[in-house]
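>
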Amino acid sequence: MPKLKRDKSGQRTKEGKEHKESIVNGVTEAVEKYNYAYVFSFENMRNIKSNEIKQQFRHTGRFLLGLKKVIKVGLGGSASDEICPAIFTASKLLHGDVGLLIMDMPKEEVEKHCRLIKMFLLHHHKKLMLFILQVKRELRELLILLLML
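The sequence shown begins at 1 in UniProt numbering and counts up by one.
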């Protein structure tokens with residue numbers, strides 16, 4: 001006898017508006033708390049190797065993956081509704097398989113970690129491309145750096 005589809009367990013309703021508002025509030029708090037924001041692209045972020053990479057940066061900042069439209073609302077869609085200078089340009093880069101890493105680690109340390117990640121991924125025959133967007137509030141300048149690993 002076939003199983004009924006109604007007997008499936010799991011999430012049956014969408015997340016509410018409160019959930020999206022909490023994500024927007026989390027994005028704005030992270031941008032106000034940390035000095036740098038990095039936009040990165042990835043392939044197959046669900047495998048074990050990528051999770052190890054996420055674990056390396058998890059204690060120094062905040063990873064934001066998925067719900068890109070909600071994250072864009074948190075960053076601001078234009079120069080008039082941005083929460084810190086030039087951060088709205090990061091929202092323009094959020095399309096496709098990308099995520100946002102907000103942290104206090106400066107560009108040089110991130111590049112050092114990226115080199116280590118590159119060696120790690122070359123050892124395991126993987127490719128990873130990072131689009132790094134550095135936004136520094138005190139200098140009010142925007143630097144887009146493309147690292148091909």
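Note that beta-carbon positions come from the ideal geometry of N, C-alpha and C, so glycine has one too.
(1) If you draw a straight line from the alpha carbon of V135 to that of K14, how long is it in whole angstroms?
(2) Roughly how many whole angstroms lie between the Cα atoms of E108 and K3?
(3) Under DSSP, the alpha helix (DSSP H) around G74 begins and ends at which residues?
(4) Name the residue from A79, Q55, L100 and E18 whose alpha carbon lies nearest to the alpha carbon of L65.
(5) Measure the C-alpha to C-alpha separation of K20 and V70 and round it to an integer number of angstroms.
(6) Since V39 and L94 should fall inside the 8 Å C-beta cutoff, what is the C-beta to C-beta distance between them, to a whole number of angstroms?
(7) Determine the direct distance from the alpha carbon of I87 to that of V27, and round the result to whole angstroms.
(8) Am I right that A30 and R58 are in contact with their C-beta atoms under 8 Å? What's the rounded C-beta distance?
(9) Is the beta carbon of V73 sitting closer than 7 Å to the one on V24?
(10) Determine the DSSP secondary structure at A37, reduced to helix, strand or coil.
(11) Only counting the same chain, and skipping five residues up and downstream in sequence, which positions put a Cβ closer than 6 Å to that of K68?
(12) Let me know if A79 comes out buried or exposed under the rule of 16 or more other beta-carbons within 10 Å of its beta-carbon.
(13) Count the other CB atoms within 10 Å of the CB of S91; is the residue buried (16 or more) or exposed (fewer)?
(14) State the CB to CB distance for the pair D104 and Y34, rounded to an integer number of angstroms; the pair is presumed to be in contact (CB under 8 Å).
On the basis of the supplied data:
(1) Low confidence applies to V135: its pLDDT is 44, below 50, so where it sits in the model is not reliable, and the reading given next is rough at best. V135 and K14: Cα-Cα distance of roughly 33 Å.
(2) Distance from the CA of E108 to the CA of K3, rounded to the nearest whole angstrom, comes to 56 Å.
(3) First-last of the alpha helix (DSSP H) with G74: K68 to L75.
(4) The shortest Cα separation from L65 among A79, Q55, L100 and E18 belongs to L100.
(5) Looking at the two C-alpha atoms, the distance is approximately 7 Å.
(6) The beta-carbon distance between V39 and L94, rounded to whole angstroms, is 7 Å. This is short enough to meet the 8 Å contact definition.
(7) Put simply, the backbone Cα of V27 is about 12 Å away from that of I87.
(8) Here A30 is actually not in contact with R58; their C-beta atoms are around 13 Å apart, not less than 8 Å.
(9) Yes, Cβ-Cβ distance for V73 and V24 is below 7 Å.
(10) DSSP, read as helix, strand or coil, puts A37 in strand.
(11) Correct list, in chain order: L94.
(12) Exposed, since its Cβ has fewer than 16 Cβ neighbours within 10 Å.
(13) Buried, by the Cβ-count rule.
(14) Going by Cβ atoms, the distance from D104 to Y34 rounds to 5 Å, so yes, they are a contact pair.
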